[in-house]
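Input: a single structure, listed below in structure tokens.
In our numbering, the protein residues as written are 1357 to 1811.
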């Protein structure tokens, strides 16, 4: 009963079953024939191959999410956590989000779902039924972390709130990701990624003065909230090691985006200035960061707002004989530069148009400037820096007999690296493993549950 003893103290533990686990530190022989690992990574031996140790291999994570929260589990799964995606029979709603392979919609062809669910396992449970709720509660009793991002009231109506699930698992860390967080005048409002941008003050500042506010491409509010949810959940797990108690992590998309508005809040609090749309400029209005046209596309240039960077840029333009009046000392005055920013940018733009992206990038780097080309995705996949760091990874999809290139993790760990272990699972692929081998249901029981639409 070593595992139970350690679990009561909420040490991260793993009871090895289907594979042989060779712990790196702090392990003991379990009477049932496996090992129990506490504190630390693990190496898994499967099919004769030893996988590298993982940073979060000791964590079991349940995921009951929509598109707002599925990135959260992906971040943990990439670091080795056993993340089980709980889907309704027939598949999660995010399997209906395109694009689809071959423009052919279907639950097993969503490229969106593939991206956000690689490295996870999948089970199906009908949480509208009492039996489905009971099975979820049993799974939560064995989990370290539960992530949910369902609409307000969904978990409440099904008896799956943190306060209810912690009764059988006091160490459970329960992370909720929602548009506005729990409580408050909007706590019960529905909202997705766009609500986070629209209500945070951020989207008001994006785009052009003559155009409506513009949302950033992709689900960036959900990404930000997921990063905060992972950070807070792992902090709660760390605290559990000393207290034995879990806690509820409550993350708001609105707050996640509002925390990134940079200078807008200080401008308003300090000077009562409401920042508006900036027309491809920084909030300071001094032209510090710009996207500029060049001979074969677009480049970015940073440094016009401060003396050292501006001097280097103007010196470069002057060397090319195109500086006009920019060498005058009056351009070092912020008020003058702000009032005459259009002229400054006209001169700089006329100059950048004479250079290719490669010329601009390499010459600018030699001068110590923050600058570079704007690349498309095909160019990014072929980028020599990303290739050197092995950022892109090839993932086999046996269900369609093809291999696809995925973005990897934007970090490197020297001892416990992330890994792409497998593609996103098919609907309910791991039902047998989870319900029979882990929860102890018989195959007949599982078959009956399947016939009645519970799994």
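Beta carbons: idealized from backbone N, C-alpha and C, even for Gly.
Query, Result
"Consult DSSP for residue 1810 and reduce its assignment to one of helix, strand or coil.", "coil"
"Would you mind giving the Cβ-Cβ distance between residue 1503 and residue 1787, rounded to the nearest angstrom? I have them listed as a contact below 8 angstroms.", "Not really, about 20 angstroms apart at Cβ, beyond 8 angstroms."
"Residue 1536 and residue 1608: beta carbons closer than 8 angstroms?", "yes"
"Report yes if the C-beta distance between residue 1439 and residue 1424 is below 8 angstroms; otherwise report no.", "no"
"Can you tell me which of the three DSSP states residue 1503 falls into?", "strand"
"Across the segment 1517–1526 and the segment 1431–1438, are there enough close Cβ pairs to call them in contact, namely three or more that are closer than 8 angstroms?", "no"
"Are the beta-carbon atoms belonging to residue 1529 and residue 1458 less than 8 angstroms from one another?", "no"
"Report the start-end ranges of each alpha helix (DSSP H) in the segment 1418–1445 that is 4 residues or longer and not cut off at the edges.", "1426–1434"
"Report the residue ranges of all beta strand (DSSP E) runs contained in full by the segment 1626–1673; include only those spanning at least 3 residues, in chain order.", "1645–1650 and 1653–1658"
"Return the bridge partner residues of residue 1763 from the DSSP annotation.", "1748"
"Less than 8 angstroms separating the beta-carbons of residue 1558 and residue 1617?", "yes"
"Check the C-beta distance from residue 1437 over to residue 1772 and give it rounded, since I have them as a contact under 8 angstroms.", "So it is not a contact: roughly 12 angstroms between Cβ atoms."
"Within 10 angstroms of the Cβ of residue 1414, are there 16 or more other Cβ atoms? Answer buried if so, exposed if not.", "buried"
"Which residues in the same chain as residue 1679 place their Cβ atom closer than 6 angstroms to its Cβ, once the five residues preceding and following it in sequence are excluded?", "1670 and 1673"
"Helix, strand or coil for residue 1479, going by three-state DSSP, please let me know.", "strand"
"Using only alpha-carbon positions, find the residue among 1421, 1683 and 1646 that is nearest to residue 1667.", "1683"
"Identify the continuous alpha helix (DSSP H) that holds residue 1692 and give its terminal residues.", "1690–1695"
"Are residue 1485 and residue 1450 closer than 8 angstroms when you measure CB to CB?", "no"
"Once the 5 residues before and after residue 1586 are set aside, which same chain residues still bring their CB inside 7 angstroms of it?", "1428, 1431 and 1432"
"Helix, strand or coil, according to DSSP, for residue 1468 in the structure here?", "helix"
"Can you list, in chain order, the residues of its chain whose CB lies under 7 angstroms from that of residue 1389, leaving out five sequence neighbours each side?", "Because the pLDDT of residue 1389 is 35, which lies under 50, any placement of that residue in the model is unreliable, and the question is left without a value."
"Ends of the beta strand (DSSP E) at residue 1523?", "Careful: residue 1523 lies outside any beta strand (DSSP E) and carries neither H nor E."
"For a test of the three-state rule: what should DSSP assign to residue 1530, helix, strand or coil?", "strand"
"Please return the same chain residues whose Cβ sits closer than 7 angstroms to the Cβ of residue 1631, not counting the five positions on each side in sequence.", "1561, 1620, 1623 and 1639"
"Does residue 1791 pass the burial test, meaning 16 or more other C-beta atoms within 10 Å, or should it be called exposed?", "buried"
"So, is residue 1402 buried or exposed, given that buried needs 16 or more other C-beta atoms within 10 angstroms?", "Low confidence applies here, because residue 1402 scores a pLDDT of 43, under 50, leaving its location unreliable; read the following figure in that light. With fewer than 16 Cβ atoms within 10 Å of its Cβ, residue 1402 is classed as exposed."
"For the segment 1711–1719 and the segment 1745–1755, state whether three or more C-beta atom pairs, one from each stretch, are separated by less than 8 angstroms.", "no"
"Exposed or buried, what is residue 1511 when buried is set at 16 or more other beta-carbons lying within 10 Å of its beta-carbon?", "buried"
"What is the DSSP secondary structure of residue 1567, reduced to helix, strand or coil?", "coil"
"According to the Cβ coordinates, are residue 1471 and residue 1552 closer than 8 angstroms?", "no"
"In terms of alpha-carbon separation, which member of 1753, 1733, 1693 and 1707 lies closest to residue 1650?", "1707"
"Give me the residue from 1701, 1691 and 1693 with the minimum Cα distance to residue 1657.", "1701"
"With a cut-off of 8 angstroms on the beta carbons, I'd call residue 1761 and residue 1730 a contact; round off their distance for me.", "21 angstroms between Cβ atoms; not a contact."
"Given residue 1483, which residues of its chain have a CB within under 8 angstroms of its CB, disregarding the five upstream and five downstream residues?", "1420, 1442, 1444, 1489, 1492, 1514 and 1516"
"Where does residue 1456 fall in DSSP's three states?", "strand"
"When the distance is taken between beta carbons, is residue 1455 closer than 8 angstroms to residue 1783?", "no"
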